[in-house]
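Q:
Chains as they are written, first to last, in the numbering used here: chain G, 3 to 119; chain S, 7 to 893.
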């Protein structure tokens with residue numbers, strides 16, 4: 003993923019699920035089942051992806067360079083595939099946070115405060 | 007189980023997701039499932055379903071680049087559209103359900119009767135070994151299946167090398183086995199089988215064992231019986247302790263040695279067997295003596311299993327070479343001298359035996375093919391009707407389609423939605439059709455009756471068939487609106503969407519309705535042919551008067567009357583029947599006319615050259631037969647009591663004519679294989695022997711007692727003065743012995759049973775014909791209504807300019823008549839082209855006749871014209887002011 007040019011077009015938004023997956027991997031490598039658990043925790047139950055959908059998202063993130071497959075720790079189930087954030091992934095995560103913050107600012111300016119018509 | 011399903015689904019996703027992630031996905035799914043299981047069974051199921059369903063969607067989107075969400079959205083939209091048009095949807099589902107259901111029902115019957123293989127391993131290796139020309143066989147034929155005698159079977163078995171293994175069997179319809187159990191006695195469907203019967207077929211025992219070659223040796227007595235699985239379930243409650251118990255067969259104790267595997271019901275389609283005994287046990291259980299050694303009794307059917315690399319041609323070549331030695335070794339000692347050459351030149355041949363044997367195939371094979379073709383036409387008719395309905399509906403939705411296209415919907419999406427709608431209708435129709443087929447088949451089998459037992463499973467084969475039919479139907483009626491959806495239409499067209507007869511589709515609708523009329527004509531033609539055939543058959547002169555006559559089959563097997571006392575015993579029975587109140591007359595008969603059995607003899611005039619002998623039919627009757635059957639005497643006299651066992655005969659006109667007898671009474675003739683000559687004492691008119699379709703045959707009636715009759719039952723014909731004498735006759739019979747059982751039924755039921763295939767055809771063809779006429783009428787009504795709507799303004803102008811209502815009516819009807827006329831002409835061509843194919847099925851009328859077509863066109867025309875009167879009347883009642891206001 004190329005470095006974002008300050009004057010260039012904004013990077014595309016991450017999907018809700020992709021963003022939460024990157025968040026879940028903030029603290030280090032993890033595998034499918036654990037990532038799914040963390041996504042559900044972080045979204046407070048709002049997101050509960052099926053196994054298939056989760057791995058499809060993981061695969062796309064690997065293709066886009068946000069994640070990379072890594073070696074599993076010693077002594078774990080051999081079937082588990084571990085992934086970790088790349089630098090590009092961290093950047094994408096930061097960009098998304100900034101985008102969401104900008105949106106909030108716009109919403110705070112334009113939208114009525116809660117309680118008013 | 008869920009892991010296995012999930013793995014299967016995962017295998018559908020080959021490619022980037024599957025590769026490298028497969029095992030990880032499995033592990034994750036396993037853990038999720040375990041977690042859900044801890045929350046209860048319901049949660050477990052929820053998660054399992056959700057995960058599997060998601061994987062299916064993923065498989066689709068991964069492979070095709072489709073998005074499942076869009077697909078689901080389109081499906082929801084299509085479903086909404088159908089729900090919002092309940093009238094149309096219901097009509098479509100009913101039409102499709104009827105068409106698919108009728109077609110599926112007939113297909114199931116056809117499949118079970120003609121196509122299905124025996125449920126044994128490698129059924130394609132099986133062949134039936136039969137006489138190349140069974141009509142040249144002399145003697146007694148005791149089976150409706152390809153027959154050989156036991157000596158021929160024994161020789162064949164020891165000499166053959168073209169088959170890996172061979173078997174023989176004979177069913178016991180000719181002399182039923184009776185199972186005695188706790189005082190109860192019931193007739194069972196038995197098989198006499200060779201020792202290797204089960205092993206050659208590859209049928210393993212479910213319990214105990216099946217026979218081996220050692221069980222079928224001469225003089226074996228009663229080594230045991232093998233029960234069929236379903237019989238064991240029905241009569242022994244599936245009790246495993248049945249092995250080793252003893253049952254009474256024809257009052258003889260026989261040990262039960264095994265139960266055959268589930269799903270195997272013998273090799274006769276339509277007649278599942280109850281129990282089997284070895285052929286050698288016939289010595290003890292069979293009613294007639296000497297059959298095992300008798301080269302003139304043809305009662306066994308032989309099958310063989312071809313070797314892995316064997317072909318039927320090779321087997322036939324080998325059989326042709328082997329046949330002379332077999333028939334030389336089995337020539338009966340008392341065979342007619344001038345028939346010896348014929349016997350020695352008999353040959354055996356092998357024919358495919360994958361589907362076993364079936365009397366049904368012979369009787370119903372052709373009618374079922376015809377009915378399958380008919381229901382195919384009905385399906386086509388249903389599809390064109392539906393296409394017409396959908397076209398009418400989509401004309402009204404043109405505005406909506408144009409608007410959607412204007413705001414960005416692609417043609418592909420519109421086509422997809424249209425096809426989805428058609429697919430949903432087809433799927434709904436298929437589901438309804440499956441239900442209807444189930445009901446229809448129960449009704450059909452009940453109609454055919456008579457102990458017919460056919461397995462009609464709902465299996466993968468049937469589901470694939472229905473899916474294929476539904477897909478074909480869907481394509482037929484779905485492609486037109488889909489194509490229309492793909493073509494752009496300008497929104498600015500003033501009448502787009504508001505006029506159901508607008509658009510280029512209308513011309514196509516006319517084409518559709520013409521094809522509907524044509525198809526309907528073909529179906530109505532079929533109805534005319536087959537109801538005509540049935541009517542003709544029912545009007546056939548039988549030569550006797552069947553009304554008020556009963557047939558009584560009296561089963562006296564339990565009494566074990568010795569042969570020498572039988573004549574007296576039967577005479578006593580007959581006297582008692584005659585004395586029952588309400589009985590006008592009664593007589594014993596060997597072959598109930600049209601009852602499906604018969605015998606033939608070869609005769610020549612006494613003193614003439616036997617080389618001039620001719621085949622004739624034979625029946626043995628007692629005194630009083632002519633009176634009971636209402637057969638008048640042309641010359642001579644009827645049999646009297648004193649004729650019992652005497653060498654006299656009554657012959658019919660055709661018999662006398664064949665022998666060139668101008669004055670038959672007093673003439674004498676000889677019968678091949680009989681000592682002495684018979685004297686003709688009476689002449690009667692011709693009567694039917696086997697069935698209604700045959701020409702009158704030469705028949706000789708001889709007195710009962712002339713030949714031994716070892717059968718365990720006797721048939722009596724009874725004419726009653728009052729309607730209900732069955733009870734009185736039964737009482738009279740029971741006075742002889744309460745162990746005698748009598749089955750009494752009206753004689754015209756026997757005749758009706760012979761006409762079952764024809765009745766089936768007439769009923770179904772009639773039903774489909776009526777349905778087709780109705781559909782054509784409805785289709786024509788729809789098009790004419792749209793046409794009237796379209797020409798409303800024009801009609802208004804005409805009336806304003808002075809045209810009368812009658813002229814308007816005539817104009818509309820003329821247009822309807824044009825469509826009807828073209829349709830009838832096209833249909834007539836089709837009908838006449840196909841008529842030659844049903845020639846063998848019709849009776850008493852020429853299928854390719856102008857009068858039949860004329861009648862058909864008239865019937866259809868009347869129905870269709872009546873339907874068009876409504877839109878025509880509507881046109882004639884148009885108020886010019888209202889019509890012109892809209893202009």
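All residues carry an ideal CB built from backbone N, CA and C; glycine is no exception.
Less than 6 Å between C-beta atoms, sequence neighbours within five positions excluded: which residues of the same chain meet that for residue 624 of chain S?
A: Within the same chain, residue 624 of chain S has close Cβ partners 605, 607, 706.
Q: For the stretch 46-61 of chain S, which residues have a beta carbon sitting closer than 7 Å to at least one beta carbon of chain G?
A: Of all residues in the stretch 46-61 of chain S, 56, 57, 60, 61 have a Cβ within less than 7 Å of some Cβ in chain G.
Q: Closer than 8 Å is the cut-off here; do at least three beta carbon pairs connect the stretch 201-208 of chain S with the stretch 239-256 of chain S?
A: With a cut-off of 8 Å, the stretch 239-256 of chain S and the stretch 201-208 of chain S do not count as touching, because too few Cβ pairs lie within range.
Q: Starting from residue 462 of chain S, follow the alpha helix (DSSP H) in both directions and report where the run begins and ends.
A: First-last for residue 462 of chain S: undefined, no H or E at that position.
Q: Just to check my reading of the structure: residue 697 of chain S and residue 600 of chain S have Cβ atoms closer than 8 Å, yes? What is that Cβ distance to the nearest angstrom?
A: Between residue 600 of chain S and residue 697 of chain S the Cβ distance is about 6 Å, and since that is below 8 Å, they are a contact.
Q: Residues of the stretch 71-100 of chain G with a CB closer than 7 Å to any CB of chain S: list them in chain order, please.
A: Those residues of the stretch 71-100 of chain G that come within reach of chain S (Cβ to Cβ, closer than 7 Å) are 79, 81, 82, 83.
Q: Give the range of the alpha helix (DSSP H) segment to which residue 18 of chain G is assigned.
A: 18-26 is the extent of the alpha helix (DSSP H) around residue 18 of chain G.
Q: Within the continuous alpha helix (DSSP H) that includes residue 890 of chain S, where are the two ends?
A: Residue 890 of chain S -> alpha helix (DSSP H) spans 886-891.
Q: How big is the Cα-Cα spacing for residue 108 of chain S and residue 396 of chain S?
A: Rounded to whole angstroms, residue 108 of chain S to residue 396 of chain S spans 22 Å at the Cα level.
Q: Can you look up residue 483 of chain S in the DSSP assignment and give me helix, strand or coil?
A: Correct three-state label for residue 483 of chain S: helix.
Q: Which of the three DSSP states is assigned to residue 84 of chain G in this structure?
A: The answer is strand: DSSP assigns residue 84 of chain G an E or B state.
Q: For a contact meaning CB atoms closer than 8 Å, what does residue 31 of chain S contact in chain G?
A: Those within 8 Å of residue 31 of chain S in chain G are 34, 53, 54, 57.
Q: Going by the CB atoms, is the gap between residue 266 of chain S and residue 198 of chain S shorter than 8 Å?
A: Result no, Cβ atoms of residue 198 of chain S and residue 266 of chain S do not sit closer than 8 Å.
Q: So is residue 501 of chain S buried or exposed if we call it buried at 16+ other beta carbons inside 10 Å?
A: Since pLDDT at residue 501 of chain S reaches only 48, below the 50 mark, its modelled position is unreliable, and the value read off the structure follows with that caveat. Classification of residue 501 of chain S: exposed, given that the 10 Å Cβ count is below 16.
Q: Counting only the same chain and skipping the five closest in sequence on each side, list residues whose C-beta sits under 8 Å from that of residue 583 of chain S.
A: Excluding residues within five positions, the ones whose Cβ falls inside 8 Å are 558, 589, 592, 722, 724, 735, 738, 739.
Q: Could you tell me the boundaries of the beta strand (DSSP E) in which residue 319 of chain S lies?
A: Where residue 319 of chain S is concerned, there is no enclosing beta strand (DSSP E), although the alpha helix (DSSP H) it sits in stretches over 318-336.
Q: Is the CB-CB distance between residue 529 of chain S and residue 111 of chain S below 8 Å?
A: No, they are not a contact pair.
Q: Any idea if residue 92 of chain S is buried or exposed, counting beta-carbon neighbours within 10 angstroms, 16 or more meaning buried?
A: Exposed: under 16 other Cβ atoms inside 10 Å.
Q: For chain S, is any of its Cβ atoms less than 8 Å away from the one on residue 28 of chain G?
A: No, its Cβ sits nowhere closer than 8 Å to a Cβ of chain S.
Q: Determine contact between the stretch 97-108 of chain S and the stretch 336-356 of chain S, defined as no fewer than three beta-carbon pairs at a distance below 8 Å.
A: Contact fails: fewer than three Cβ-Cβ distances are below 8 Å.
Q: Since residue 785 of chain S and residue 522 of chain S are thought to touch, with beta carbons under 8 Å apart, how far apart are those beta carbons, to the nearest angstrom?
A: So it is a contact: roughly 4 Å between Cβ atoms.
Q: Between which residues of its own chain and residue 58 of chain S is the CB-CB distance below 7 Å, once the five residues before and five after are set aside?
A: So the list reads 11, 12, 15, once near-sequence residues are dropped.
Q: Taking buried to mean at least 16 other C-beta atoms within 10 Å of its own C-beta, is residue 216 of chain S buried or exposed?
A: When all chains shown are included, residue 216 of chain S counts as buried.
Q: Would you check if the stretch 250-267 of chain S and the stretch 150-158 of chain S touch, i.e. whether three or more CB-CB distances between them fall below 8 Å?
A: These segments do not touch.
Q: Applying the 10 Å Cβ sphere with the 16-neighbour rule, what's the burial state of residue 107 of chain G?
A: Residue 107 of chain G is exposed by the Cβ-count criterion.
Q: Under 8 Å, CB to CB, which of the residues in the stretch 33-45 of chain S have a partner in chain G?
A: Taking 8 Å as the Cβ-Cβ cut-off against chain G, the residues of the stretch 33-45 of chain S that qualify are 33, 34, 35, 37, 38.
Q: Less than 8 Å separating the beta-carbons of residue 881 of chain S and residue 801 of chain S?
A: The answer is yes: Cβ separation under 8 Å.
Q: With distances taken from CA atoms, which of S/708, S/720, S/135, S/535 is nearest residue 325 of chain S?
A: Answer by Cα proximity: S/135.
Q: Strictly under 8 Å for the Cβ-Cβ distance: is residue 27 of chain S near chain G by that measure?
A: At least one chain G Cβ lies under 8 Å of residue 27 of chain S.
Q: Does the beta carbon of residue 61 of chain G sit closer than 8 Å to a beta carbon anywhere in chain S?
A: Yes, residue 61 of chain G lies at the interface with chain S (some Cβ there is under 8 Å from its Cβ).
Q: Quick check on residue 666 of chain S: buried or exposed, where buried means 16 or more other Cβ atoms within 10 Å of its Cβ?
A: Exposed, by the Cβ-count rule.
Q: State the Cα-Cα distance for the pair residue 21 of chain G and residue 37 of chain G, rounded to the nearest angstrom.
A: Their Cα atoms are separated by approximately 12 Å.
Q: For a test of the three-state rule: what should DSSP assign to residue 561 of chain S, helix, strand or coil?
A: DSSP places residue 561 of chain S in strand when its eight states are reduced to three.
Q: Going by other Cβ atoms of all chains shown within 10 Å of its Cβ, with 16 needed for buried, is residue 526 of chain S buried or exposed?
A: Label assigned to residue 526 of chain S: buried.
Q: Return the CA-CA distance between residue 255 of chain S and residue 777 of chain S, expressed in angstroms with no decimal places.
A: Computed Cα separation, rounded: 52 Å.
Q: Would the beta-carbon of residue 574 of chain S fall within 8 Å of that of residue 627 of chain S?
A: It is not a contact, given that the beta carbons lie outside the stated cut-off.
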